[in-house]
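Numbering (the working numbering), first residue to last: -11 to 451. Before any comments, here is the structure.
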Ligand SMILES: Cc1cc2nc3c(=O)[nH]c(=O)nc-3n(C[C@H](O)[C@H](O)[C@H](O)COP(=O)(O)OP(=O)(O)OC[C@H]3O[C@@H](n4cnc5c(N)ncnc54)[C@H](O)[C@@H]3O)c2cc1C
């Protein structure tokens, strides 16, 4: 069988694309209008409607719910949040620790809510295992591990080569860091269950309805305009297509492959009985999960960015990227050299200029937004949604400030990206530098991170 390329994602090939919902029939009004039907938009609708059932909430989705990253991701439900270091520098260490604690709790919250709503999303709470395979990666792993502990993750453990192999036998792994704050999920099962829960609560969801412009109290579409005191932008990697947002969040590509279901004798050799989500410490890092039907779904960067912030063609992936990901798979598990790759796909994440996720509500205009999660949005979108709920309830006089509205990422402002061609040249150079740094580290057995990668971090705003 040939590799299926695109078709949104393997998760949809496995679970089926949903029956379409009706587009917006014409001009209308609502109390809250949410633009974007991914995890951010849907969780926001869910928590708002639960807290205030009287609210009239409309979700407008350009294609179908889960068309974006929420229907394509690696299924790492974990406690990482983009920008914690930045918030620590700006608001103090304690503020960043509060953010981290909220993220740890968010992993529990998603698992608990999925169970309460009867959503079967193949959730397995095996934690997150991040491995080092070169001396430089080992040095970074140790730094990373102690930084995470300093941010309050005292239940994280550092594992040596033997203990790592007892969990997952990754070829050449010299050490790993494991945290319990993570679970494997089937992204689309979670998304579909959430969309159904939202509709059951009485939220109106219109699909095939692209919003062309968001302005105070208006979401404009080709079929009509929704007027609402609150309009929330939850469009992540697609934000650049909205009028006035061309240079807000950069649509960064991430690509994945899924193998055929692997037989029992392969799993005996690899281990991975704890079904941890698995990652590494390379600059152009990989992420993977063992699926419920015993495949490996593995992702990495691929072609990072398309000129002019273009997004994708239903997940179609360059053959060279598919081959690159297959090589990573075989590097990690040489036994899989002959394994079939059943599916390859890609999606876009949203990357702010300072690599910091944000949740915000402008009280003077009623415009809100959340995103810029970079590569860690599966759990973060849930925290952002509960925060948007609290911000709206506070603004409309239904409730006071909460622990969530006081977190340091709330109302964080970020400058825009450079215009083209600088944006394209910059991102290409950044990833070329990361790849070269990975090759240098592998070839030289150096323990220090090459200056090239550190410089790339600094120039890109990531460091
Ligand atoms: C390949 C890949 C792997 C990833 N792996 C992980 C992972 O393992 N763990 C993790 O934590 N994060 C991961 N991420 C990131 C994570 O998936 C996202 O951060 C998260 O899903 C973002 O959710 P969202 O709802 O904000 O955005 P999206 O899911 O992208 O949803 C945005 C929605 O808005 C709609 N939309 C866009 N523009 C408009 C418009 N103008 N009008 C109406 N609707 C519009 C889109 O069609 C889309 O459905 C990954 C991302 C990708 C692409």
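For every residue, glycine included, the Cβ atom is placed at its ideal position computed from N, Cα and C.
Less than 7 angstroms between the CB of residue i and some heavy atom of ligand 1, yes or no?
i: residue 118; result: no
i: residue 279; result: no
i: residue 222; result: yes
i: residue 33; result: no
i: residue 61; result: yes
i: residue 244; result: yes
i: residue 337; result: yes
i: residue 237; result: no
i: residue 359; result: yes
i: residue 226; result: yes
i: residue 273; result: no
i: residue 28; result: yes
i: residue 289; result: no
i: residue 198; result: yes
i: residue 170; result: no
i: residue 51; result: yes
i: residue 458; result: Residue 458 is absent from the model: the chain starts at -11 and stops at 451.
i: residue 70; result: no
i: residue 134; result: no
i: residue 55; result: yes
i: residue 276; result: no
i: residue 212; result: no
i: residue 129; result: no
Below 8 angstroms on the Cβ atoms is my contact criterion, and I expect residue i with residue j to pass it. Report the Cβ-Cβ distance as a whole number of Å.
i: residue 333; j: residue 60; result: 6 angstroms
i: residue 171; j: residue 99; result: 6 angstroms
i: residue 220; j: residue 32; result: 6 angstroms
i: residue 343; j: residue 366; result: Incorrect: roughly 17 angstroms between the Cβ atoms, too far for contact.
i: residue 339; j: residue 237; result: 6 angstroms
i: residue 15; j: residue 213; result: 5 angstroms
i: residue 226; j: residue 217; result: Contact flag wrong, Cβ pair sits at about 24 angstroms.
i: residue 57; j: residue 385; result: Actually they do not touch by this definition, with Cβ atoms about 34 angstroms apart.
i: residue 407; j: residue 235; result: 7 angstroms
i: residue 95; j: residue 67; result: 5 angstroms
i: residue 39; j: residue 381; result: 6 angstroms
i: residue -7; j: residue 305; result: 6 angstroms
i: residue 405; j: residue 341; result: 5 angstroms
Measuring straight from C-alpha to C-alpha, what distance separates residue i and residue j?
i: residue 199; j: residue 12; result: 10 angstroms
i: residue 108; j: residue 4; result: 15 angstroms
i: residue 320; j: residue 276; result: 11 angstroms
i: residue 364; j: residue 370; result: 11 angstroms
i: residue 347; j: residue 428; result: 38 angstroms
i: residue 397; j: residue 88; result: 11 angstroms
i: residue 337; j: residue 26; result: 12 angstroms
i: residue 303; j: residue 29; result: 21 angstroms
i: residue 400; j: residue 180; result: 30 angstroms
i: residue 468; j: residue 248; result: Given that the chain is displayed from residue -11 to residue 451, the structure contains no residue 468 and the question cannot be resolved.
i: residue 280; j: residue 174; result: 8 angstroms
i: residue 345; j: residue -5; result: 28 angstroms
i: residue 55; j: residue 375; result: 24 angstroms
i: residue 41; j: residue 21; result: 15 angstroms
i: residue 106; j: residue 74; result: 37 angstroms
i: residue 134; j: residue 265; result: 20 angstroms
i: residue 383; j: residue 207; result: 20 angstroms
i: residue 494; j: residue 330; result: Nothing about residue 494 can be reported from this structure: the residues present for the chain run from -11 to 451 only.
i: residue 257; j: residue 322; result: 11 angstroms
i: residue 309; j: residue 415; result: 17 angstroms
i: residue 93; j: residue 69; result: 13 angstroms
i: residue 35; j: residue 373; result: 7 angstroms
i: residue 76; j: residue 104; result: 34 angstroms
i: residue 195; j: residue 211; result: 12 angstroms
i: residue 536; j: residue 307; result: For residue 536 there is no data in the structure shown, the boundaries of the chain being -11 and 451.
i: residue 215; j: residue 325; result: 56 angstroms
i: residue 259; j: residue 158; result: 9 angstroms
At a threshold of 7 angstroms, does residue i count as lining ligand 2 (C-beta to nearest heavy atom)?
i: residue 24; result: Of the ligands one can find in the structure shown, namely ligand 1, none is ligand 2.
- Message: Ignoring anything shorter than 3 residues, give me the beta strand (DSSP E) runs that lie fully in the stretch 69 to 133, in order along the chain.
- Response: 116 to 120
- At least three beta-carbon pairs within less than 8 angstroms, the stretch 276 to 292 to the stretch 304 to 323: yes
- In chain order, which continuous runs of the alpha helix (DSSP H) of length 4 or greater are located wholly inside the stretch 153 to 193? 175 to 188
- Query: Is the stretch 35 to 49 close to the stretch 180 to 195, with three or more CB pairs under 8 angstroms?
  - Reply: yes
- Item | Completely contained alpha helix (DSSP H) runs for the stretch 288 to 357, where each covers 4 or more residues | 307 to 320
- Continuous alpha helix (DSSP H) assignments of at least 4 residues falling wholly in the stretch 225 to 277: 252 to 258
- With a cut-off of 8 angstroms, do at least 3 Cβ pairs link the stretch 203 to 218 to the stretch 350 to 365? yes
- Query: Any chance the stretch 384 to 399 sits against the stretch 219 to 235, with 3 or more Cβ pairs inside 8 angstroms?
  - Reply: no
- Message: Would the stretch 105 to 125 count as touching the stretch 263 to 275 if we require 3 or more Cβ pairs under 8 angstroms?
- Response: yes
- Message: Taking contact to mean 3 or more Cβ pairs, one atom from each stretch, closer than 8 angstroms, check whether the stretch 158 to 169 and the stretch 102 to 117 are in contact.
- Response: yes
- Message: With three or more beta-carbon pairs closer than 8 angstroms as the criterion, would you say the stretch 74 to 94 touches the stretch 153 to 164?
- Response: no
- Message: Does the contact criterion of 3 or more C-beta pairs under 8 angstroms hold for the stretch 132 to 152 versus the stretch 235 to 255?
- Response: no
- Message: If we require 4 or more residues per run, which alpha helix (DSSP H) segments fall completely within the stretch 20 to 70?
- Response: 27 to 39
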